[in-house]
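Be aware that the sequence shown starts at 27, since it is given in the working numbering, and climbs by one per residue.
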Amino acid sequence: MNSPCLRLVLFFSAVLAARAEISLPAIFSDHMVLQRDKRIPVWGRAAPGEHVAVTVAGQTQSTIAGADGRWRVTLAALAAGTPQTLTVTGDNTITIRDVLIGEVWLGSGQSNMAFTVNRAQDYDTERAAANFPLIRHFKEESTYANSPQSAGKGRWEICSPDTVGSFSAALYFFGRELHRALGVPVGLVNSSVGGTPIEQWIAPEAQRAAPELAPFLQQIESEATALTSDAALKKYDRDLAAWEAAQKKARTEKKKAAKKPQDPTDAAVRRRSLGALFNGKIAPLAPFALRGILWYQGEANSTPAKAPFYARQLSLLVRDWRTRWGEELPFAWVQLPNFVGAGRDWPAVREAMLKTLALPQTGMAVTIDIGEANDIHPRNKQAVGHRLALWALGTVYGRKVPAISGPLPAGHEVRGREIVLRFRSTDGGLVPHGSEVTGFVVAGADRKFAPARARIAGDTVIVSAPDVPAPVAVRYAWENLPSCNLFNGAGLPASPFRTDDWP
């Protein structure tokens, strides 16, 4: 009875049985939060032709898995309420427990979105107060991929003093304010990776189909080609031989060796791998029902070669992700703060973020006052979360808030020796944090900027400079680490901006 033939039959029977089992993306798991008051897609894999039924809160939706094994149902909208159990039934049954219905937001970007609560300021105090069982955090733990993935990795965590330290700080402080204001569960989905450029987060086909990004893609290809030139490969061989010798000596002397040289061939592959984080860390989440999306990135695109493309890239990311979710989701981002940033062009990236507000249903948290000059990871994430929450509460949820943004430029007019600047989002009036308004410079046709005198008049600022009798352009906070102090009465800072488009 234990013949090789029988063992083979049993093996293939087990394989077929395993393939027949229904499965779900990782985000559908215990302690999850589903978006209230919206239709909810649920999807996964099963055997081709398998009948699949999804049940939650008294409703059941069913479908038949396609020839490729994919299936999807859409649940009718659910109201916030008591915890539910969601079951998915086919040839096997998956039971997901402690499912809450509330508000769900996706947060993505690089290290400042990944930055955890245990690194934020006042952590001991924040940890002690983090008893919010109706706030849940899901960290997407999958990685780079060459093609769109479907399952993802990760799990939902219930907010408590024992768990909050590993939550995204920006998301947590944002979500905590929503929870307190709205009184409903909040789900925070964190899909972020430190040090990553925006081109890794946009679907590769979307980037290649965008004519405005053709010069950028050509630039990447040139950089990748240079990495694998004969000279570069020979240098790598020399550096590698020297490192191996140093490594051997370090082992003998029981010392720490230098970092291994980067293989230029691997580096070239990574340089060409557009959209690998979209494939690995965003594709598995779409179209999970969300209320909106938050973006905290830009540092990796602040080099002089990359910064000029950021406005087109951020706009494309917003539009493409909305397409993936099938709706015009509210979308906000964190503008880059004040930082030394030697060799970087942070003003250009800030301007790109400001310009992208032209897209509907978008917002921006201005942070030009809460950065740290010598630390690219400012610890005051409470203010970041607060400013994002003001925007969300005031626009997405229609709540009365002091302001949804700091002052934003709304046009200008040259009047003789002065330029009059108009602003919107001046809630409570324009005010300087200090005795005089600082941060403005003006220039004439010669494009030579000089420090400006500025005075507030209602919702306008009037600027002039003794050495510029015929001004044509104004810039505000146009440095990596500016000295600036224009706020509105709600205590939110004005965005850096310029009226010119000079190189």
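We put the beta carbon where it would ideally sit given N, CA and C, even for glycine.
Cut-off 8 Å between Cβ atoms - residues of its own chain near residue i, not counting five sequence neighbours on either side
i, result
"ALA496", "ARG443, GLY470, ALA471"
"LYS282", "ALA276"
"ARG162", "HIS57, MET58, VAL59, LEU126, TRP182, GLU183, ILE184, CYS185, PRO211, VAL212, GLY213, LEU214"
"ALA358", "GLY318, ILE319, LEU320, TRP321, THR388, GLY389, MET390, ALA391, LEU414, TRP417, ALA418"
"GLN147", "ARG405, ASN406, LYS407, GLN408"
"LEU355", "LEU316, ARG317, GLY318, ILE319, TRP347, ARG348, GLN387"
Residues near residue i by beta carbon distance below 6 Å, same chain, minus five either side
i, result
"LYS275", "none"
"ARG450", "LEU434, ALA436"
"SER218", "SER134, GLY135, MET139, ALA140"
"TRP69", "ARG98"
"GLY324", "LEU362, VAL375"
Nearest neighbour of residue i, chosen from the options [CA to CA]
i, options, result
"GLY133", "LEU380, ALA415, GLY420", "ALA415"
"GLN233", "ALA294, SER248, ASP346", "ASP346"
"PRO519", "ALA283, GLN85, PRO363", "PRO363"
"VAL99", "GLY135, ALA195, ILE90", "ILE90"
"PRO159", "ARG206, SER137, ASN138", "ARG206"
"TYR322", "GLU439, ILE394, PRO458, ALA196", "ALA196"
"ILE122", "GLN87, THR111, VAL130", "THR111"
"PRO51", "LYS179, ALA102, ILE120, SER137", "LYS179"
"GLY116", "VAL498, PRO458, GLY432, VAL78", "VAL78"
"GLY515", "ALA155, GLY191, GLY455", "GLY455"
"LEU204", "GLU231, TYR423, GLY352", "TYR423"
"ASP524", "ARG62, VAL467, VAL494", "Position check: residue 524 holds Arg in this sequence, whereas Asp was assumed. Here the closest residue by C-alpha is VAL467."
"VAL489", "PRO522, LEU447, TYR170, ASP188", "LEU447"
Cβ shell of residue i (< 7 Å), same chain only, five flanking positions each side left out
i, result
"GLU225", "GLN233, LEU300, GLN339"
"VAL143", "TYR149, GLU152, VAL190, GLY191, PHE193, ALA195, TYR198"
"ARG601", "The structure shown has nothing for residue 601, since the chain only spans 27 to 529."
"GLN85", "LEU101, ALA102"
"ALA294", "ALA250, LEU253, THR254"
Coarse secondary structure for residue i, derived from DSSP in three states
i, result
"GLY420", "helix"
"ILE224", "helix"
"ASN327", "helix"
"SER49", "strand"
"PRO307", "Correcting the residue identity first, residue 307 is Lys in this sequence and not Pro. Helix."
"SER210", "Position check: residue 210 holds Val in this sequence, whereas Ser was assumed. Residue state, collapsed to three classes: coil."
"LEU101", "strand"
"LEU434", "strand"
"ALA503", "coil"
"PHE357", "strand"
"ILE246", "helix"
"SER88", "strand"
"ALA415", "helix"
"ASP472", "coil"
"ALA267", "helix"
"MET390", "strand"
"THR81", "strand"
"GLY70", "strand"
"GLY201", "helix"
"LYS165", "strand"
"GLN147", "coil"
"LEU512", "strand"
"PRO373", "helix"
"HIS459", "coil"
"ASP256", "helix"
"PHE335", "helix"
"GLN175", "coil"
Per DSSP, cross-strand counterpart(s) of residue i
i, result
"SER134", "SER217, TRP321"
"ILE482", "VAL487"
"SER194", "THR142"
"PRO287", "BP columns for PRO287 are empty, so no partner."
"ARG448", "THR486"
"LYS274", "Partner(s): none; LYS274 has no beta bridge."
"THR121", "THR113"
Classification of residue i by the beta-carbon crowding that lies within 10 angstroms, buried from 16 upward
i, result
"ARG481", "exposed"
"ASN528", "For the record, residue 528 in the displayed sequence is Trp; it is not Asn. Label assigned to TRP528: exposed."
"THR251", "exposed"
"PRO237", "exposed"
"SER248", "exposed"
"GLN288", "exposed"
"SER13", "Shown here, the chain extends from 27 to 529; a query on residue 13 therefore has no answer."
"ALA267", "exposed"
"PRO109", "exposed"
"GLY209", "exposed"
"MET27", "Bear in mind that the predicted position of MET27 carries a pLDDT of just 45, short of 50, making it too unreliable to give a figure here."
"ARG145", "exposed"
"GLY397", "buried"
"LEU42", "Confidence at LEU42 is low in this model, with a pLDDT of 43, below 50, so its placement is unreliable and no value can be given for it."
"LYS165", "buried"
"PRO330", "exposed"
Below-8 Å beta-carbon distance, residue i vs any chain D residue
i, result
"GLY116", "Included in the structure is just one protein chain, with no chain D present."
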